[in-house]
Amino acid sequence: MPPTLREALDAATRELSSTSDTARLDAEVLLAQLLGKNRAYLRTWPDRRLQEETAQQYMDWVGQRARGVPVAYLIGEREFWSRPFRVSPEVLIPRPETELLVELAIAAITQENLTRILDLGTGSGAIAVTLALECPGTEIWAVDLSETALEIARHNAADLGAAPVRFLRGHWFDPLPPEVRFELIVSNPPYIDPADPHLSLGDIRHEPRQALVSADGGLKDIALIAEGARQVLVPNGRLMFEHGFDQAAAVAAILAKLGYRDIHQHRDLQSHERVTAARYLA
Ligand SMILES: C[S@@+](CC[C@H](N)C(=O)[O-])C[C@H]1O[C@@H](n2cnc3c(N)ncnc32)[C@H](O)[C@@H]1O
Numbered sequence: 304m305p306p307t308l309r310e311a312l313d314a315a316t317r318e319l320s321s322t323s324d325t326a327r328l329d330a331e332v333l334l335a336q337l338l339g340k341n342r343a344y345l346r347t348w349p350d351r352r353l354q355e356e357t358a359q360q361y362m363d364w365v366g367q368r369a370r371g372v373p374v375a376y377l378i379g380e381r382e383f384w385s386r387p388f389r390v391s392p393e394v395l396i397p398r399p400e401t402e403l404l405v406e407l408a409i410a411a412i413t414q415e416n417l418t419r420i421l422d423l424g425t426g427s428g429a430i431a432v433t434l435a436l437e438c439p440g441t442e443i444w445a446v447d448l449s450e451t452a453l454e455i456a457r458h459n460a461a462d463l464g465a466a467p468v469r470f471l472r473g474h475w476f477d478p479l480p481p482e483v484r485f486e487l488i489v490s491n492p493p494y495i496d497p498a499d500p501h502l503s504l505g506d507i508r509h510e511p512r513q514a515l516v517s518a519d520g521g522l523k524d525i526a527l528i529a530e531g532a533r534q535v536l537v538p539n540g541r542l543m544f545e546h547g548f549d550q551a552a553a554v555a556a557i558l559a560k561l562g563y564r565d566i567h568q569h570r571d572l573q574s575h576e577r578v579t580a581a582r583y584l585a
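What the sequence shown shows, in the working numbering, is residues 304 to 585, in sequence order.
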């Protein structure tokens, strides 16, 4: 006989407890998704039995989760800025830290009435699509090297009802038409040092390396973007990056050397300097 909801959850929680810090939550999120219900339903009807097919599928997902596959990849979704974004193993799972970059971008756009924005390395489109939804009337462009990522980003823009975002495939500034200029460039680029031991631990093992890793101790893409942005920003245009919690000084030095001014660094909820913003006077 297939298990009841309570039995299935208890067994899954036991299976996940040695590999996940959030075993019960993971077990509930996976089961709720399979049933097409919310987590409250699981607590309201603990004695209902699963259908045989659902029980099998649940065991398969729990097995994958026990091997470290992120919950977001199994259910195909992650919340960002209170909206559900579609994700797959071809895109980075949007992180709560990145909401700081979005918050600062929205503040700049609204205070200065900025109208043309570029998101470099858009991945699932979390930043570009959120800006398009929160700042109607702005023209948002978004670039990524990965065509699969762009397909997901296009779906997210359409599913969430964003005004058209111009998605372009290529290496940082390469796919942009030569004459176009931006008032703000935002980016959450790859910034992890290839030698960082965290890359072989936990959920991050299953995310695309191209989304995570950058040469020169994690700073190569930040330096490339800072260099190239000078040619596509309007005079006094702004550049904002997310970066590693220990990279703030290095990022500020790169920007200062390239002639950027008004370099400000912003702390996340853990009090780490995770976003650097600057202007380029030209
Ligand atoms: C850290 S992920 C950020 C994804 C998304 N913006 C977010 O914040 O969740 C970096 C993204 O940059 C893209 N990327 C890496 N190298 C690139 C390059 N040379 N040109 C354009 N995009 C690149 C990756 O494919 C990935 O989607």
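C-beta: ideal position from N, C-alpha, C; glycine also.
- According to the DSSP secondary-structure assignment, THR579 is paired through a beta bridge with PHE544 and GLN568.
- By the criterion of at least three beta-carbon pairs nearer than 8 angstroms, the stretch 323 to 342 is in contact with the stretch 353 to 364.
- For ALA358, the enclosing alpha helix (DSSP H) stretches over residues 355 to 369.
- Nearest to GLU576 by alpha-carbon distance, out of LEU558, LYS560, VAL554 and ALA559, is VAL554.
- For secondary structure counted as the beta strand (DSSP E) over 3 or more consecutive residues, the stretch 462 to 486 holds these complete runs in sequence order: 469 to 472.
- When secondary structure is reduced to three states using DSSP, SER323 falls in the coil class, being assigned neither helix nor strand.
- Here the alpha carbon of LEU403 sits roughly 38 angstroms from the alpha carbon of ARG309.
- Here ARG484 has ARG419, VAL535, LEU536, VAL537 and GLY540 as same chain residues with Cβ atoms under 8 angstroms from its own Cβ, once five neighbours each way along the sequence are excluded.
- At a cut-off of 6 angstroms, the beta-carbon of THR357 does not count as near ligand 1: no heavy atom of the ligand is closer than that.
- According to the DSSP secondary-structure assignment, PRO387 is paired through a beta bridge with GLU382.
- Excluding residues up to 5 positions away in sequence, THR418, ARG419, ILE420 and ARG469 lie with their Cβ nearer than 8 angstroms to the Cβ of GLU442 in the same chain.
- Looking at the backbone, the Cα of THR347 and that of GLU382 are separated by about 24 angstroms.
- Taking the Cα of ILE412 as reference, the smallest distance to any Cα among GLY424, ALA311, ALA431 and ALA452 is reached at ALA431.
- In the same chain as THR579, and ignoring 5 residues on each side of it, the C-beta atoms closer than 8 angstroms to its own belong to MET543, PHE544, HIS546, ALA551, VAL554, ALA555, LEU558, ILE566, HIS567, GLN568 and HIS569, in chain order.
- With fewer than 16 other Cβ atoms inside 10 Å of its own Cβ, GLY562 counts as exposed.
- The beta carbons of HIS458 and ARG389 sit about 6 angstroms from each other, so the pair counts as a contact at 8 angstroms.
- As DSSP reads the structure, GLU442 sits in a beta bridge with ARG419.
- Taking 7 angstroms as the cut-off, the Cβ atoms of VAL489 and ASP422 count as close.
- TRP444 is the residue among PRO481, GLY473 and TRP444 whose C-alpha sits nearest the C-alpha of PRO467.
- In the structure shown, ARG352 adopts extended strand secondary structure according to DSSP, grouped into three states.
- In this structure, ASN491 sits near THR401, with a CB-CB distance shorter than 7 angstroms.
- In this structure, PRO397 sits away from VAL446, with a CB-CB distance that is not shorter than 7 angstroms.
- Counting C-beta atoms within 10 angstroms of its own C-beta, GLY521 has 16 or more neighbours from the protein chains shown and is therefore classed as buried.
- At a cut-off of 6 angstroms, the beta-carbon of GLY426 counts as near ligand 1: some heavy atom of the ligand is closer than that.
- By the criterion of a C-beta distance shorter than 8 angstroms, HIS474 is surrounded in its chain by LEU448, once the five residues flanking it on both sides are discounted.
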